[in-house]
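Q:
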Amino acid sequence: MALDKELVNFGEEHELNTILSKFGKSQSQKNRATLGELGKKCKEKLAKRVLTQDEFGEFVKAHLKELEDKKA
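When we follow our numbering, the leftmost residue of the sequence shown carries the number 123, and every step to the right adds one.
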């Protein structure tokens, strides 16, 4: 079983903001909501109840166009 720090907690804004920052995306409410939706899709695709940071990170990479970039 993965350690808690290796899992994605979609209820924690700071965790979602960390993911957005990693990919250079805006830490907006809209992007956090989009990550929540992507999380549901990823869980369904992988048939998992919880996701690791690595699993979700790979999924997000394939869906970066759905997230808003940081404003300059």
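C-beta atoms are modelled at their ideal positions from N, C-alpha and C, and glycine is treated no differently.
From which residue to which residue does the alpha helix (DSSP H) around Asp-126 run?
A: As a position in the sequence shown, residue 126 is number 4, starting the count at 1. Taken as a continuous stretch (DSSP letters only), Asp-126 belongs to no alpha helix (DSSP H), as it is neither H nor E.
Q: Is there contact between the stretch 164-172 and the stretch 132-151, where contact requires at least three CB pairs shorter than 8 Å?
A: In short, these stretches do not touch, since the Cβ pair count stays below three.
Q: Expressed to the nearest angstrom, what Euclidean distance is found between the alpha-carbon atoms of Gln-175 and Lys-193?
A: Locating residue 175 in the sequence shown gives position 53, where the first residue counts as 1. Locating residue 193 in the sequence shown gives position 71, where the first residue counts as 1. About 25 Å.
Q: From this set, Glu-134, Lys-187 and Ala-124, which residue's C-alpha is nearest Gly-158's C-alpha?
A: Taking the sequence shown and counting its residues from 1, the one referred to as residue 158 is at position 36. Out of Glu-134, Lys-187 and Ala-124, Glu-134 has the C-alpha closest to the C-alpha of Gly-158.
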